[in-house]
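Visitor: Letter by letter, the sequence shown follows residues 115 to 313 of the working numbering.
Glycine residues also receive a C-beta, built at the ideal position from the N, C-alpha and C atoms.
On a predicted model such as this, the values are computed, not experimentally measured, just so you know.
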Amino acid sequence: MSYLFLAFLGSALISLLFFNRQRPRKWRRALIIIIALIGLGGSLMPVAAANSNKTSQHQVDVRENKATRANSSALKKQLAIKKKEASQLTKQVASQSRLVKKQQKASESESVRAASASIAAASQASEAAQQQAAIQASQQAQQAASAQQVEQMVTIAPNSGKKYHLDPNCRGLSRANSTTTMPLSQAQAEGYTLCRWED
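1. Kindly indicate which residue of 125, 183, 144, 172 has the alpha-carbon position closest to the one of residue 257.
2. At 3 residues or longer, and completely inside the stretch 199–282: list those beta strand (DSSP E) runs for me, N to C.
3. Let's see if you can read the secondary structure: which residues bound the alpha helix (DSSP H) around residue 298?
4. Which residue wins for smallest C-alpha separation from residue 201, given the options 237, 144, 230?
5. Give the single residue among 125, 267, 207, 211 whose Cα lies nearest to the Cα of residue 174.
6. In the structure shown, what three-state DSSP assignment does residue 294 receive?
7. Quick check on residue 191: buried or exposed, where buried means 16 or more other Cβ atoms within 10 Å of its Cβ?
8. Quick check: the Cα distance between residue 290 and residue 277, rounded to an integer number of angstroms?
9. How long is the line joining the alpha carbons of residue 311 and residue 285, rounded to whole angstroms?
10. Spatial neighbours of residue 260 within its chain, please: C-beta separation below 8 Å, excluding the five flanking residues on both sides.
11. Taking only the alpha-carbon atoms, compute the straight-line gap between residue 235 and residue 181 and give it to the nearest angstrom.
12. I'd like to confirm the pairing. Which residues does DSSP put opposite residue 193 in its beta bridges?
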C-alpha cells in the first residue's frame with residue numbers, strides 16, 4: 115500500500131470518529147497509535163535493504179574464494195603431473211645407463227659411445243624437466259598468493275592519511291568522515307600501509 119493511501123485512510127477514519135461522538139475516546143487513541151506504527155514501519159525499510167546488500171556482497175566474496183581454491187587445486191594437479199613426468203624420465207635414464215654398462219662390458223665400439231651420448235642427453239633432459247617443474251611450482255605458488263591478495267578487500271579513509279584497514283570497524287577509522295573499500299594489492303600499489311592498530 116502506498117503511504118498516500120494510508121494517510122488518506124487514517125485522516126478519513128479520524129474525521130469520522132471526531133464528528134461521530136458516540137464512540138469513546140479510547141478508540142481514537144488506538145487508531146492514532148496504529149497509524150503512527152504504520153508510518154514508523156516504512157522508515158525501517160532502508161535498514162533492511164542495507165542489510166541485504168551486505169549479505170549479497172559477502173556471498174560474492176565467498177564465491178570468489180571458492181573459485182580461487184578450485185584454481186589452486188588445478189595448479190597442484192598440474193604440478194603433480196609434471197613431477198610424475200620427471201620421475202619417469204629419471205627411470206628411463208637409469209634403464210639406459212644400465213644398458214650402456216652392459217654394452218661397455220661386451221665391447222668398446224662406436225655404438226657404445228653413441229649410447230652414452232644419448233644417455234647424457236637424456237640425463238640433461240631429465241634435469242631440465244625437473245628444473246622446469248620446480249620453476250613452474252614456484253610460479254604457481256606466486257600466482258596463488260597474488261590471487262589471494264587480490265581478493266582481500268581493505269577499508270581506506272581518504273581524508274585521514276595513507277593507512278589501510280583490514281577490519282572495517284578498526285579504531286583507526288573512528289574519526290573518518292567517509293570510507294571506501296578497494297583490493298589490498300591496489301592499496302599497496304598506491305602507497306597505503308597497514309594501520310598501526312592492526313599490527
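Guide: According to the structure shown:
1. When each option's Cα is compared against that of residue 257, the closest is 183.
2. Within the stretch 199–282, the complete beta strand (DSSP E) segments of 3 residues or longer fall at 267–270, 277–279, listed in chain order.
3. Here the alpha helix (DSSP H) through residue 298 covers 298–303.
4. Selected option, being the one with the closest Cα: 237.
5. Comparing alpha carbon positions, the residue from 125, 267, 207, 211 closest to residue 174 is 267.
6. Under the three-state reduction of DSSP, residue 294 is assigned to strand.
7. Label assigned to residue 191: exposed.
8. Answer to the nearest angstrom: the Cα atoms are 12 Å apart.
9. Looking at the backbone, the Cα of residue 311 and that of residue 285 are separated by about 7 Å.
10. Excluding residues up to 5 positions away in sequence, 299 lie with their Cβ nearer than 8 Å to the Cβ of residue 260 in the same chain.
11. The alpha-carbon atoms of residue 235 and residue 181 are separated by roughly 41 Å.
12. Bridge partners of residue 193: none, in fact.
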